[in-house]
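Numbering-wise, the working numbering comes out as the position in the sequence shown, counting from 1, plus 619.
Every residue gets a Cβ at the ideal spot worked out from N, C-alpha and C, and that includes glycine.
Quick caveat, the model's predicted, so the values are computed rather than measured.
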Amino acid sequence: MRPIAALLFAALLTACATAPSPDPAAGAIPTRTAWIVGANGRAIGQAHFTAAPRGTLIRLEFSAGALPPGWHGLHLHTRGDCSDFAAGFQASGGHLGMSERVQHGLLNPAGPEAGDLPNVFATPAGPFAAEIFSPHTVLGAQRTRNPAREALLDADGTALLIHASADDQTSQPIGGAGARIACVALTPLP
620 MRPIAALLFA ALLTACATAP SPDPAAGAIP TRTAWIVGAN GRAIGQAHFT AAPRGTLIRL
680 EFSAGALPPG WHGLHLHTRG DCSDFAAGFQ ASGGHLGMSE RVQHGLLNPA GPEAGDLPNV
740 FATPAGPFAA EIFSPHTVLG AQRTRNPARE ALLDADGTAL LIHASADDQT SQPIGGAGAR
800 IACVALTPLP
């Protein structure tokens, strides 16, 4: 019995030694991280964009005092450019997915645009975080077979804009969300 056990143990050791080790990146979920830039051009937090089977998961992490307390509208914009912070982030362009076929607003019967997102609430003290899901986007350079999903990493990238006020999710063109007060530039890798 002992020789058989020793033989089985040796076979097991040989199999383990020659088996290919698993590739840790093989099951990795594509994620991109970028700085959240405030109106003064300084980093006020980080944004993490993670590919999901039917959209993009976005996690926002803000440092203490990063935004005025209260509700703030969020929108994805057509260009990943936050360089003109002194001019109110106008280089980021308009909302992602704007067209004559759809209107702005998650609650609008004729909407939403691909760039429409829920509001976030900034706490009066301490850091805060928010996690939101965008079913109208894909974390890649090209659209999927679903034409309603916009590519976040196309040639000119995408920006996530944070507004001074809440988005009412119905009014045109931006839901009354007010000035652009923070920006995340999501750009394709070189």
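| For leucine 771, the nearest candidate out of Gln791, Phe708, Gly699, Phe740 (CA to CA) | Gly699
| field | Range of the contiguous beta strand (DSSP E) that encloses alanine 733 | value | Where alanine 733 is concerned, there is no enclosing beta strand (DSSP E), given that its DSSP letter is neither H nor E.
| request: State the CB to CB distance for the pair glycine 657 and alanine 801, rounded to an integer number of angstroms; the pair is presumed to be in contact (CB under 8 Å). | output: 5 Å
| Just how far apart, CA to CA, sit leucine 805 and leucine 725? | In a straight line, the C-alpha of leucine 805 is about 22 Å away from that of leucine 725.
| query | In terms of alpha-carbon separation, which member of Phe747, Leu780, Asp787, Ala671 lies closest to valine 803? | reply | For valine 803, the nearest C-alpha among the options comes from Leu780.
| field | Straight-line gap, threonine 652 to isoleucine 663 (C-alpha atoms, nearest Å) | value | C-alpha separation (whole angstroms): 14 Å.
| message | Mapping the DSSP letters down to three states, classify phenylalanine 668 as helix, strand or coil. | response | strand
| query | To the nearest angstrom, how far is it from the Cα of alanine 733 to the Cα of proline 743? | reply | 30 Å
| request: Have a look at phenylalanine 747 and phenylalanine 704 and give me their C-alpha separation to the nearest angstrom. | output: Across the structure, phenylalanine 747 and phenylalanine 704 are spaced so that their CA atoms are roughly 22 Å apart.
| query | If you compare alpha carbons, which of Ala647, His723, Asn659 is closest to alanine 706? | reply | Among Ala647, His723, Asn659, the Cα nearest to that of alanine 706 is on Asn659.
| Under three-state DSSP, which class holds alanine 706? | Taken through DSSP and simplified to helix, strand or coil, alanine 706 comes out as helix.
| request: Could you please give the first and the last residue of the uninterrupted beta strand (DSSP E) stretch that includes alanine 804? | output: 799-805
| task | Compare the C-alpha of alanine 774 against each of Ala760, Asn727, Phe708, Asp787 and name the closest. | result | Ala760
| Exposure label - threonine 675; buried when at least 16 CB within 10 Å | buried
| request: Could you say which of Gly745, Ala647, Val739 lies nearest to tryptophan 690 if we only look at CA atoms? | output: Val739
| task | Whole angstroms is fine: what's the gap from glutamate 680's alpha carbon to histidine 714's? | result | Straight through space, the alpha carbons of histidine 714 and glutamate 680 are spaced by roughly 22 Å.
| query | To which residues of the same chain is proline 641 closer than 7 Å at the C-beta, ignoring the five residues directly before and after it? | reply | With a pLDDT of 39 at proline 641, under the threshold of 50, the modelled position of this residue cannot be trusted; read the value that follows with caution. Within the same chain, proline 641 has no close Cβ partners at all.
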